[in-house]
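So the structure is just underneath, and the comments pick up after that.
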Amino acid sequence: MELKNGENSYGVISRANHWISAFLFIGLVILGIYMHELDKGPEKTELYALHKSLGIGLFMLMILRLVWLKVSPNPEQLSKTKFEHILGHAVKGILYLAMLILPISGWVMSNSGGHPVAFFDLFTLPTIVGENHDIHEIAEEVHEIGKWMLLIILLHVAGALKHHIVYKDSTLLRMLGRK
Numbered sequence: 001m002e003l004k005n006g007e008n009s010y011g012v013i014s015r016a017n018h019w020i021s022a023f024l025f026i027g028l029v030i031l032g033i034y035m036h037e038l039d040k041g042p043e044k045t046e047l048y049a050l051h052k053s054l055g056i057g058l059f060m061l062m063i064l065r066l067v068w069l070k071v072s073p074n075p076e077q078l079s080k081t082k083f084e085h086i087l088g089h090a091v092k093g094i095l096y097l098a099m100l101i102l103p104i105s106g107w108v109m110s111n112s113g114g115h116p117v118a119f120f121d122l123f124t125l126p127t128i129v130g131e132n133h134d135i136h137e138i139a140e141e142v143h144e145i146g147k148w149m150l151l152i153i154l155l156h157v158a159g160a161l162k163h164h165i166v167y168k169d170s171t172l173l174r175m176l177g178r179k
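Here it is in structure tokens:
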């Protein structure tokens, strides 16, 4: 079990980060859509706290992923065409960007709305912006884009399945830690 990525395989750190991030990201989008529709009350407050904590966790995983890519670069994509190669990189790039922008916009949205951002009551992030209605509205709009990221995730999954089912290559198997 290799920790680092190989020329043709993902190491355990990249695979763990990928799958934990994937489930967190999808869960956060679904939780965000659900809690947004709730009436104000204790359940909504608790879900917002959970959403913030999980968002901080995703942000930390994304920072770790970016650092890890410098230490252990990903293996090359198994693309059949130049278009698929570009599309694969674009989809991954958009997902990476979303996993950075969404936690930051959520942090700004909370702070500008007069709310702290805590990680499971273990620590509270510093306030990066004071209470400000205009900034809050902008951050809210940026954060709202998050639910549309499900479409990008579907493209990512569709690409992996196409490689697995149609091309019968090892793209999906590499991320599952199999040969």
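Position one of the sequence shown corresponds to residue 1 (the UniProt record's numbering), numbered consecutively onward.
Glycine included, each C-beta is placed from N, C-alpha and C at the ideal position.
Just so you know, these numbers come straight off a predicted model, no measurement behind them.
Annotation: residue 48 to residue 82 spans about 42 angstroms, alpha carbon to alpha carbon. The DSSP assignment places complete alpha helix (DSSP H) segments of no fewer than 4 residues inside the region 123 to 160 at 133 to 144, in order along the chain. Beyond the five residues adjoining it in sequence on each side, residue 31 comes within less than 8 angstroms, by CB distance, of 47, 50, 51 and 54 in the same chain, given in chain order.
When 168, 108 and 151 are compared, the shortest CA-CA separation from residue 91 is found for 151.
Residue 118 is bridged by DSSP to 124. Here residue 118 really is in contact with residue 124; their C-beta atoms are around 5 angstroms apart, less than 8 angstroms. If you ignore the 5 residues before and after residue 156, its C-beta comes within less than 6 angstroms of the C-beta of 91, all in its own chain and listed in chain order. Residue 99 sits in a helix when the DSSP states are folded into three classes. For residue 165 and residue 159, the gap between their C-alpha atoms comes out near 10 angstroms. Going by DSSP, residue 81 is part of no alpha helix (DSSP H) at all; its letter is neither H nor E.
Apart from sequence neighbours up to five positions away, the residues of its chain that approach residue 103 with a beta-carbon distance below 8 angstroms are 55, 56, 58, 59 and 62, ordered along the chain. Judged by their CB atoms, residue 78 and residue 169 are nearer to each other than the 8 angstroms cut-off.
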